[in-house]
Ligand code: F6P
C-alpha cells in the first residue's frame with residue numbers, strides 16, 4: 322500500500338503585498354519536492370472557515386514569482402475567533418468560528434498551516450496554536466515593515482522603491498513650479514516607508530508617527546531653503562504622523578474589520594499648513610495602494626523565496642508555532658507568540674534618522690542647522 326503523504330496548507334491573510342506569490346511558490350515547491358501534498362486556502366482565514374481550499378501542484382505556481390497580489394486571495398476582515406456577521410438590520414454580530422476551522426483542517430487531514438501575514442493574521446495564527454493546538458508556521462508579510470522579531474518583512478523593499486520613484490517624479494514638477502510637494506505614504510503606526518523613501522528620494526522634511534511634529538521647524542526648513550535660492554521643497558509624511566499634542570488623522574473606520582482604523586489625510590493637512598505659513602504654493606500626493614500593488618523588487622523576490630522555503634522546511638522537520646525571520650541576513654525561526662506582539666516602530670535614535678539629521682533633513686521636532 323502507498324505510504325500516506327504528509328499534507329500541509331498555506332494561506333495569505335491581511336492586506337496584499339508584493340512578494341506574496343513568491344512565498345506561495347516557494348512553499349508549494351518545497352513541499353512537493355519533499356513528497357508532501359499542499360493545499361492553498363482561498364481568501365485567508367475565510368477559506369479555512371468555509372473549507373474553501375484547493376490542492377496545489379507545480380502548474381498552480383508556475384509563472385507567479387514576479388506577479389503582484391496573491392493567487393490565493395486575501396482579506397483583512399475575517400477572524401475565526403471574532404467572525405463578523407451582518408444581521409438583516411445592518412447590525413454586526415461576532416461569532417466564534419474556531420470549530421469550523423478545526424473541522425476543516427481535520428476533514429482535509431492538514432498536519433500544519435503556513436500563515437503568510439502581518440500582525441493581524443499572525444496573531445490569529447498564534448491564537449489557533451495556543452488555544453486550539455493547531456500547528457502553525459508564520460511568514461512575516463507587510464509593506465509597513467512593522468513586525469517585531471524580524472529585521473525585514475517582505476514587501477517593504479518594493480513599497481520603499483515605489484515611494485522613492487514617486488519622490489523623484491515629484492522633484493521635477495516641484496522644481497518647475499517652485500512648489501512644496503508633500504507625499505503621504507503608508508505604514509500605519511510606523512514610519513519605516515517614510516523614513517527610507519525620504520532618505521532615498523532626497524526629501525527635505527520627513528514626518529513620522531514616532532516623532533510628533535511641530536509646524537515651526539518644518540516652516541523654518543522650507544524658508545531656509547528659499548533663502549538659499551531653493552524655490553521648492555519635498556516633504557514626506559507617514560500616514561500615521563501627527564502634530565505634537567494632536568491626534569493621528571483617521572480616513573475611515575472599516576465595519577467588521579478586526580482592526581477598523583484606516584489612517585489618512587495628514588498629507589493634505591500639512592500641505593495646507595505649509596502654504597498658509599510660507600505663501601509657497603503646496604500640493605499633496607497620496608501614494609496609497611500603488612505601494613502595495615505590482616511586481617516585487619529583486620530583493621523582495623529573494624527574501625520571499627527564502628522565507629517560503631524556510632517555512633516549509635520548518636514544517637518538514639516538525640518545528641511548529643514559529644515564524645521565520647531575518648536576523649543578521651540569515652533566516653531563523655522565532656516563537657510565533659513573541660512575533661505576534663506589539664508592532665515595531667522606528668526608534669527615535671535610529672541611525673537612519675541621525676543620518677538624515679546630518680544631511681539637514683527636518684523631522685519636525687527641532688530646527689535643523691543646514
Ligand atoms: O498594512 C498595510 C497597509 O497598506 C497600511 O500601510 C495601511 O494603513 C493599510 O494597510 C490599509 O488597509 P486597507 O487595505 O484595509 O485600506
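In the working numbering, the protein residues as written are 322 to 691.
Glycine residues also receive a C-beta, built at the ideal position from the N, C-alpha and C atoms.
Item to complete: Decide if residue 625 is buried, meaning its Cβ has at least 16 other Cβ atoms within 10 Å, or exposed.
Response: buried
Item to complete: Pick out whichever of 439, 324, 604 has its Cα sitting closest to the Cα of residue 336.
Response: 439
Discussion item. Under 8 angstroms, with one C-beta from each stretch per pair, do the region 345 to 362 and the region 384 to 396 reach the 3-pair mark?
Written reply: yes
Worksheet item: So, does the CB of residue 461 fall closer than 9 angstroms to a CB anywhere in chain B?
Response: No chain B appears in this structure, which consists of one protein chain only.
Discussion item. Which residue marks the beginning of the beta strand (DSSP E) containing residue 415, and which one marks its end?
Written reply: 413 to 416
Worksheet item: For the beta strand (DSSP E) that residue 648 lies in, which residues bound it at each end?
Response: 643 to 648
Worksheet entry | Inter-stretch contact (C-beta, 8 angstroms, three-pair minimum) for the region 536 to 544 and the region 391 to 409 | no
Practice prompt. List the DSSP bridge partners of residue 683.
Written response: 526
Fill in: Beta carbon of residue 423 nearer than 9 angstroms to that of residue 434
no
Worksheet item: Which of helix, strand or coil does DSSP assign to residue 627?
Response: helix
Worksheet item: In whole angstroms, what separates the C-alpha of residue 645 from that of residue 619?
Response: 20 angstroms
Fill in: Beta-carbon proximity list for residue 586, same chain, < 6 angstroms, skipping 5 on both sides
Non-local beta-carbon contacts of residue 586 in its own chain, meaning distances under 6 angstroms to residues more than five positions away in sequence, involve 570, 572 in chain order.
Discussion item. Could you check whether the Cβ of residue 507 sits closer than 8 angstroms to any heavy atom belonging to ligand 1?
Written reply: At least one heavy atom of ligand 1 is nearer than 8 angstroms to the Cβ of residue 507, so yes.
Discussion item. Just to confirm my understanding: we take residue 647, look at its own chain, exclude 5 residues before and 5 after, and list those with CB closer than 6 angstroms. What are they?
Written reply: 471, 472, 473
Discussion item. What would DSSP say about residue 348, mapped onto helix, strand or coil?
Written reply: helix
Worksheet item: To the nearest angstrom, how far is it from the Cα of residue 491 to the Cα of residue 595?
Response: 17 angstroms
Worksheet item: Nearest CA to the CA of residue 397: which residue from 334, 498, 457?
Response: 334
Worksheet item: Helix or strand or just coil, what does DSSP make of residue 675?
Response: helix
Worksheet item: Can you round the beta-carbon distance between residue 364 and residue 395 to whole angstroms, since I take them to be within the 8 angstroms contact cut?
Response: 6 angstroms
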